[in-house]
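For reference, the structure is listed below as structure tokens.
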Amino acid sequence: MNKYKKFDRTPANFSALTPLTLLQRSATVYPDKQAVIDVDGALSYDELYRRCCQMGDALRRKGVNPGDTVAILSPNSHEMLESHYSVPMAGAVINTLNIRLDAATLAFILEHGEARVLFYDTDWENVVRAAVSQLDMPPLLISIESKAGASDGFAQQDYESLLSEGDAQASWQRPDDEWDAISLNYTSGTTGNPKGVIYHHRGAYLAAMTNAMVFEMTPETVYLWTLPMFHCNGWAYTWSITA
Numbered sequence: 109m110n111k112y113k114k115f116d117r118t119p120a121n122f123s124a125l126t127p128l129t130l131l132q133r134s135a136t137v138y139p140d141k142q143a144v145i146d147v148d149g150a151l152s153y154d155e156l157y158r159r160c161c162q163m164g165d166a167l168r169r170k171g172v173n174p175g176d177t178v179a180i181l182s183p184n185s186h187e188m189l190e191s192h193y194s195v196p197m198a199g200a201v202i203n204t205l206n207i208r209l210d211a212a213t214l215a216f217i218l219e220h221g222e223a224r225v226l227f228y229d230t231d232w233e234n235v236v237r238a239a240v241s242q243l244d245m246p247p248l249l250i251s252i253e254s255k256a257g258a259s260d261g262f263a264q265q266d267y268e269s270l271l272s273e274g275d276a277q278a279s280w281q282r283p284d285d286e287w288d289a290i291s292l293n294y295t296s297g298t299t300g301n302p303k304g305v306i307y308h309h310r311g312a313y314l315a316a317m318t319n320a321m322v323f324e325m326t327p328e329t330v331y332l333w334t335l336p337m338f339h340c341n342g343w344a345y346t347w348s349i350t351a
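According to the numbering used here, the residues represented by the sequence shown are 109 to 351, in order.
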């Protein structure tokens with residue numbers, strides 16, 4: 109028997125890698141530093157972190173369980189960025205949807221990925237309506253208010269009202285296994301139906317740190333979001349920019 113195999117993992121010698129800790133650290137070290145600027149205004153790292161904790165708690169209260177899929181159809185926005193943290197804080201898997209896809213393709217992805225919740229920007233409500241009409245079990249619809257307001261009675265709730273149901277001081281747990289899924293992405297489906305690709309917490313963390321090191325990011329780095337966050341989770345910059 110290999111004598112070195114008898115030493116088990118303990119909290120003292122091992123912790124699962126997850127990019128969620130990157131935001132947690134930034135909120136601790138740089139609480140008042142500007143984290144994101146959007147048309148709605150700006151958020152500090154502490155504010156961003158607390159909103160993510162709050163939404164993660166709200167999702168759990170809505171019945172989202174570890175391993176569930178939460179989809180989001182949105183252009184780059186602070187809600188999209190928050191979802192890359194709040195969804196896995198609930199133990200769920202984020203599925204970012206390409207805003208250029210048609211209703212049939214979106215319906216396939218929502219059904220294949222078994223989305224329990226769909227956040228959607230109201231500018232894309234028409235295509236969302238067409239997509240969910242094709243589903244036997246539509247997900248819970250949460251609208252992100254944009255230039256085009258949500259239609260009465262379509263979404264069950266809007267983003268900010270759902271957020272208000274959570275606790276901003278709620279705690280979250282690292283994944284039991286760093287190989288647990290953090291995101292589900294789909295190919296464009298140019299040759300048949302889209303194919304799902306799963307990212308795990310460990311891979312997302314390492315990709316985020318690699319970006320930060322290779323591109324020499326510093327605490328003073330400012331990142332202009334031109335790359336869609338729905339594309340491979342923004343090449344993991346959704347996590348690395350907070351590292």
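All C-beta atoms, glycine included, are put in the ideal place defined by N, C-alpha and C. These numbers were taken from a predicted model, which means no experiment stands behind them.
Inset, instruction - Flag this pair as yes or no: are the beta carbons of Met317 and Ala351 separated by less than 9 Å? - result: yes
Inset, instruction - Can you have a look at Gln281 and say buried or exposed, based on whether 16 or more other CB atoms are within 10 angstroms of its CB? - result: exposed
Legend entry - Separation of Ser123 from Arg169, as counted between CA atoms: 26 Å
Legend entry - Outcome for Gly342 when other beta-carbon atoms lying within 10 angstroms are tallied against a minimum of 16: buried
Inset, instruction - Give the straight-line distance between the Cα atoms of Phe338 and Leu205, rounded to the nearest whole angstrom. - result: Distance between the alpha carbons of Phe338 and Leu205: 6 Å.
Inset, instruction - Could you tell me the boundaries of the alpha helix (DSSP H) in which Tyr267 lies? - result: 267-271
Legend entry - Option nearest Glu286 by Cα separation, candidates Met109, Val235, Thr126, Ala120: Ranking the options by Cα distance to Glu286, first place goes to Thr126.
Inset, instruction - Excluding the 5 residues preceding and the 5 following His220 in the sequence, name in chain order all residues of the same chain whose CB lies nearer than 7 Å to its CB. - result: Gly304
Inset, instruction - Output the residue ranges of the beta strand (DSSP E) runs that lie fully inside the stretch 182-207 and measure 3 residues or longer, sorted by chain position. - result: 201-205, all fully within the stretch 182-207.
Inset, instruction - Look up Gly274 in the DSSP assignment and say whether it is helix, strand or coil. - result: coil
Legend entry - Contact under 9 Å by Cβ, Ala135 with Tyr153: Yes. Within cutoff.
Legend entry - contact_flag[the stretch 176-196, the stretch 220-240] where n(CB pairs < 8 Å) is 3 or more: yes
Legend entry - Met325 versus Met188: straight-line alpha-carbon distance, rounded: 22 Å
Inset, instruction - Could you have a look at Thr318 and say whether DSSP puts it in helix, strand or coil? - result: Reduced to three states, the DSSP call for Thr318 is helix.
Legend entry - Coil, strand or helix - Ile250 by DSSP: strand
Inset, instruction - Check whether the Cβ atoms of Leu156 and Val144 sit closer than 9 Å, and answer yes or no. - result: For Leu156 and Val144, yes; Cβs fall inside 9 Å.
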